[in-house]
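Numbering (the numbering used here), first residue to last: 35 to 117.
Glycine included, each C-beta is placed from N, C-alpha and C at the ideal position.
Bear in mind that the values here come from a model prediction, so they are computed numbers and not experimental data.
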């Protein structure tokens with residue numbers, strides 16, 4: 035029973051959304067700065083692949099085809115997808 039967030043077209047900039055915006059919109063972090071520190075310290079993974087670059091982004095098409103599971107640390111999971 036994992037929390038999930040449906041991203042709409044308004045959430046994407048030029049058809050993409052970066053990992054920092056994903057972290058803020060899902061409520062995993064309170065700010066982009068907190069998200070940046072978390073990524074740089076290796077505390078974020080997407081579909082069990084560690085996110086090491088704050089420029090990592092997802093296109094609206096990617097998220098329409100397949101939901102992505104964002105993980106913070108060992109215990110916080112969140113699913114993102116687009117309609």
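Could you tell me whether the Cβ atoms of residue 52 and residue 91 are closer together than 8 Å?
Yes, they are a contact pair.
Can you grab the Cα-Cα spacing for the pair residue 77 / residue 50, in whole Å?
Straight across, the Cα-Cα distance linking residue 77 with residue 50 is about 22 Å.
Tell me the DSSP secondary structure of residue 73 in three-state form.
Correct three-state label for residue 73: helix.
Residue 89 to residue 109, Cα distance in whole Å?
Each residue's alpha carbon lies about 24 Å from the other.
Nearest to residue 106 by alpha carbon, out of 93, 81, 48?
Comparing Cα-Cα distances from residue 106 to each of 93, 81, 48, the minimum goes to 81.
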